[in-house]
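Colleague: Each residue of the sequence shown is one higher than the one before, counting from 103 in my numbering.
A single structure is presented below for examination.
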Amino acid sequence: GLNSKSRATFADVFKPDIDTRKCKFVWLGTTQKFDDAFTFIFEKTEHGWVWAHAYQFDSETATFIVECSEQTWNAFGFGQMTQQESIAACERIFAKHLGGHPLMTNANHIRGSAWINFPRVLCERWSYKNLALMGDAAASAHFSIGSGTKLALESAVALADYVETEPNLEAAFRKYEDARRTEVLKLQSAARNSLEWFEEVERYLGFDPVQFNYSLLTRSQRISHENLRLRDAEWLAGAEEWFQRKAGAGGNMLRRAPMFAPFKLRDMALANRIVVSPMAQYKAVDGCPTDWHFAHYAERAKGGAGLLYIEMTCVSPEGRITPGCPGFYKPEHEVAWKRLVDFVHAETEAKICAQIGHSGAKGSTRVGWEGTDVPLPSGNWPVMAPSAVAWSPQNQVPKAMDRADMDMVRDQFVASAQMAGRCGFDMLEIHAAHGYLLSAFITPLTNRRTDEYGGSLENRMRYPLEIFHAVRAVWPAEKPISMRISANDWVGIEGVTPADAVEIAKLLREAGVDLCDVSAGQTSIAAK
103 GLNSKSRATF ADVFKPDIDT RKCKFVWLGT TQKFDDAFTF IFEKTEHGWV
153 WAHAYQFDSE TATFIVECSE QTWNAFGFGQ MTQQESIAAC ERIFAKHLGG
203 HPLMTNANHI RGSAWINFPR VLCERWSYKN LALMGDAAAS AHFSIGSGTK
253 LALESAVALA DYVETEPNLE AAFRKYEDAR RTEVLKLQSA ARNSLEWFEE
303 VERYLGFDPV QFNYSLLTRS QRISHENLRL RDAEWLAGAE EWFQRKAGAG
353 GNMLRRAPMF APFKLRDMAL ANRIVVSPMA QYKAVDGCPT DWHFAHYAER
403 AKGGAGLLYI EMTCVSPEGR ITPGCPGFYK PEHEVAWKRL VDFVHAETEA
453 KICAQIGHSG AKGSTRVGWE GTDVPLPSGN WPVMAPSAVA WSPQNQVPKA
503 MDRADMDMVR DQFVASAQMA GRCGFDMLEI HAAHGYLLSA FITPLTNRRT
553 DEYGGSLENR MRYPLEIFHA VRAVWPAEKP ISMRISANDW VGIEGVTPAD
603 AVEIAKLLRE AGVDLCDVSA GQTSIAAK
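Set out below in structure tokens:
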């Protein structure tokens, strides 16, 4: 069980990792029958949302688990209620679904509240001497996927088999752990996804019911779009039609997977939602794309994707990562890129996006296959960054940018955007991720400035947003601009966290950025 005394007694051997999650729940029962399906009920109350997980337990009773956020739990005062008061409150919340049937508890032995936070349990070892852990004692799976009993029974069957077939208990336990651990981890992963969905369920409760149901059914990521077709083809076809109509499709396009729905951003209309990501080729010569680039991108465009990105294209020679990186700063660059854009528009239905950026402290390095982020053996150019912080001990220390440098780079971004506009690109993306120049302003790991461009997140975003506003002013109003960010520096609270990324996205939205291209990492060699 979750509170295994054996596991606690020998915790130094089993080494349990227990992650206490943030929602509160109480395990109840009822004589109301929920024998047609695993049932989820969501009720909005004066104190917030409360939901129930209900399923048939035996011929006479059903399990009825009530769950809510800790904020809602505190607002109700469930922690100060007796068990009977708590049950009465839950009966009132779910009265129309209980149909007069009472809720019951099997926790009368507990003094005070029976509400708890779900503990995700994962043990490093499952056996010791003649003792074996199984079920929730060894690894817990959130009740929302209804597989806890299955998990325990399958482990019990496996253990019984190995005790019979192996020469001794030690060998049986070893085989038991080896055989079951991977399967248990798979189920735990699905259960974690489901648990996190319920922890954030208030994000989804404003959805159209069709979209909400789809999100609920696929929350564990073990049930895919096509799995739903196997289970209920009629329902999924209706959901697909709802989504396609919402996206503006019509005619024979209504019964198609959502990835094939049209998408519009400003005046750019995409045939579908498939996007070819930017892929660095390192094949440019003096910043100029070559026939290699034409062949590569032309083939991708012919593949049917709605939108095609070109690789990060640098705003100046000094802004290149490597000598093989392309640019938007010479007349011959414009000729080469325009040739590609004209082909894409003439021969395919794809739209094409230019991604522009500056390498910052990560510049003047070798092409990838000669060593990632390794300085050039000769011919290095000077690099600049928000602060004099080298990418790594082997890379050169960049110049800390002054106002003149910032003005120069801003103007280079503007000139590159204008060149991309003359080439006919349908969309523009500003690269502010992966530790390059604008990313280095955003993360506190490399931005040590004490002026208005350093310190708070708002200050660290100031220069990237200056770049955006300057570029937006010269980019055609009917064409969208996105910005790519690293949403997690993978160094904990010392760097950008996912919570910070939400605030970054809000600032981008307020500035008028049309789309946030979310990536992560590559901002520090300390990332884990």
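Just so you know, even glycine gets a beta-carbon here, dropped at the ideal spot from N, CA and C.
The structure displayed is predicted, hence computed values, not measured ones.
1) CB-CB under 7 Å to aspartate 507, same chain, minus the five flanking residues each way: which ones, in chain order?
2) Using the Cβ count rule (16 or more neighbours within 10 Å means buried), how would you classify serine 229?
3) Quick check on the burial criterion: 16 or more other C-beta atoms within 10 angstroms. Buried or exposed for isoleucine 120?
4) Contact between the stretch 496 to 512 and the stretch 422 to 434: three or more CB pairs below 8 Å?
5) Alpha carbon to alpha carbon, how far is glutamine 313 from asparagine 354?
6) Enumerate in chain order the residues of its own chain whose CB-to-CB distance from leucine 224 is below 6 Å, with the five nearest sequence positions on each side excluded.
7) Can you list, in chain order, the residues of its chain whose CB lies under 7 Å from that of threonine 385, leaving out five sequence neighbours each side?
8) I'd like to know whether the C-beta atoms of proline 566 and phenylalanine 543 end up nearer to each other than 7 Å.
9) Taking 7 Å as the cut-off, decide whether the C-beta atoms of serine 626 and aspartate 591 are in contact.
10) To which residues does DSSP link lysine 501 through a beta bridge?
11) Please state whether DSSP places methionine 381 in a helix, a strand or coil.
12) When the Cβ atoms of the stretch 267 to 276 are set against those of the stretch 312 to 329, are three or more pairs found closer than 8 Å?
13) In whole angstroms, give me the CA-to-CA distance for serine 461 and alanine 293.
14) With H, G and I counted as helix, E and B as strand and the rest as coil, what does DSSP make of arginine 453?
15) Taking DSSP as the reference, what is the three-state secondary structure of proline 433?
16) Whole-angstrom Cβ separation of glycine 459 and tyrosine 399, contact assumed at under 8 Å?
17) Which same chain residues, not among the five before or five after serine 343, have their C-beta less than 7 Å away from its C-beta?
18) Between arginine 564 and chain D, is there a C-beta pair that is closer than 7 Å?
19) Whole angstroms are fine: how far does the CA of glutamate 434 sit from the CA of alanine 403?
20) Return helix, strand or coil for glycine 353, following the three-state DSSP convention.
21) For histidine 203 and threonine 133, which I take to be in contact (beta-carbon distance under 8 Å), what is that distance rounded to the nearest angstrom?
22) Looking at phenylalanine 116 and arginine 227, is the spacing between their C-beta atoms short of 7 Å?
23) By a C-beta neighbour count over all protein chains shown, 10 Å radius and 16 as the cutoff for buried, is threonine 188 buried or exposed?
24) Kindly indicate the opening and closing residues of the alpha helix (DSSP H) around serine 108.
25) Compute the distance between the beta-carbons of threonine 545 and valine 615, then report whether it is under 7 Å.
26) Counting only the same chain and skipping the five closest in sequence on each side, list residues whose C-beta sits under 7 Å from that of methionine 206.
27) In this structure, what does DSSP give as the bridge partners for arginine 586?
28) Per DSSP, which residues does histidine 155 bridge with? Please list them.
29) Taking the Cβ atom as the reference point for each residue, do proline 582 and leucine 367 lie within a distance shorter than 7 Å?
30) Quick one: Cα of isoleucine 587 to Cα of methionine 563, how far?
31) Report buried or exposed for asparagine 549, applying the criterion of at least 16 other Cβ atoms within 10 angstroms of its Cβ.
32) What does DSSP give as the partner residue(s) for tryptophan 129 in the beta ladder?
33) Per DSSP, which one or two residues make a beta bridge with proline 222?
34) What is the DSSP secondary structure of tyrosine 538, reduced to helix, strand or coil?
35) By how many angstroms is the C-alpha of tyrosine 278 removed from the C-alpha of aspartate 602?
36) Near glycine 623, which residues of its chain fall below 8 Å by C-beta distance, leaving aside the five closest residues on each side in sequence?
Modeller: Taking the definition as stated:
1) Met486
2) buried
3) exposed
4) no
5) 21 Å
6) Asp119, Ala241
7) Just to set this straight, residue 385 is lysine in the shown sequence, not threonine. Counting only Cβ-Cβ distances below 7 Å, and skipping sequence neighbours, we find Thr392, Trp394, His395, Gly426.
8) yes
9) yes
10) Met486
11) coil
12) no
13) 41 Å
14) Per the sequence presented here, residue 453 reads as lysine, with arginine not at that position. Lysine 453: strand per DSSP, three-state reduction.
15) helix
16) In fact, because the Cβ distance is near 18 Å, the residues do not count as touching under 8 Å.
17) According to the sequence provided, residue 343 is glutamate. The question's serine does not apply to it. So the list reads Leu356, Arg357, once near-sequence residues are dropped.
18) The chain labelled as chain D is not found in the depicted structure, where only one protein chain is given.
19) 22 Å
20) helix
21) 5 Å
22) yes
23) The sequence given here has serine at residue 188, not threonine. It is buried - the Cβ of serine 188 has at least 16 other Cβ atoms within 10 Å.
24) 107 to 111
25) no
26) Leu130, Gly131, Thr132
27) His533, Asp619
28) Phe142, Ile167
29) yes
30) 11 Å
31) buried
32) Ile167
33) It should be noted that the sequence gives arginine, not proline, for residue 222. BP columns for arginine 222 point to Asp121.
34) coil
35) 43 Å
36) His536, Ser588, Asn590, Asp591, Trp592, Ala629
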